[in-house]
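Below: one structure, written as structure tokens.
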Amino acid sequence: MVDDDLYLTEAWTGGTAFALAADDGTEQWSNSDLPPMRWAPALHENRLIVITRTEENVVRLHALDRTTGDMDV
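For what it's worth, the numbering used here labels the leading residue of the sequence shown as 7, then goes sequentially.
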């Protein structure tokens, strides 16, 4: 997903969601606190919205701060 940065959240990222700067590709932040199965990232205001599913088939909606990658609780 692209905005001013490139956000990678899919399972192939080795269990880590992260943002890369659009201009030079440097890593802006990373977050390894999400379950490994993730889909449908979307941006809303200053949040990256991610749907996850655990191995026990529990589905959750997460909101990550777009600038830091911290999870909102």
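By construction, the Cβ of each residue, glycine as well, lies at the ideal position given by its N, Cα and C atoms.
Because the structure is a prediction, the values reported are computed rather than measured.
(Q) Could you tell me the alpha carbon to alpha carbon distance between residue 37 and residue 67, rounded to whole angstroms? (A) Your numbering for residue 37 matches position 31 in the sequence shown. Your numbering for residue 67 matches position 61 in the sequence shown. Their backbone Cα atoms lie some 15 Å apart in a straight line.
Q.
Please tell me whether residue 34 and residue 11 are closer than 8 Å, where the distance is taken between their beta carbons.
A. Within the sequence shown, residue 34 is the residue found at index 28, counting from 1. Within the sequence shown, residue 11 is the residue found at index 5, counting from 1. Against a cut-off of 8 Å, the Cβ pair of residue 11 and residue 34 comes out as a contact.
Q.
If contacts are defined as beta-carbon pairs under 8 Å, then residue 56 and residue 15 qualify, I think. What distance do you get, rounded to the angstrom?
A. Indexing the sequence shown from 1 puts residue 56 at position 50. Indexing the sequence shown from 1 puts residue 15 at position 9. That pair is a contact at about 5 Å.
(Q) residue 32 and residue 26 - do their beta-carbons sit closer together than 8 Å? (A) The residue you call residue 26 lines up with position 20 of the sequence shown. The residue you call residue 32 lines up with position 26 of the sequence shown. Yes, the pair counts as a contact, with Cβ atoms nearer than the cut-off.
Q. Would the beta-carbon of residue 43 fall within 8 Å of that of residue 22?
A. Within the sequence shown, the letter at position 37 stands for residue 43. Within the sequence shown, the letter at position 16 stands for residue 22. Their beta carbons are not under 8 Å apart, which means residue 43 does not touch residue 22 by this criterion.
Q) So what's residue 73 in DSSP terms, helix, strand or just coil? A) What you label residue 73 is simply residue 67 of the sequence shown in a count that begins at 1. Three-state DSSP puts residue 73 in coil, outside helix and strand.
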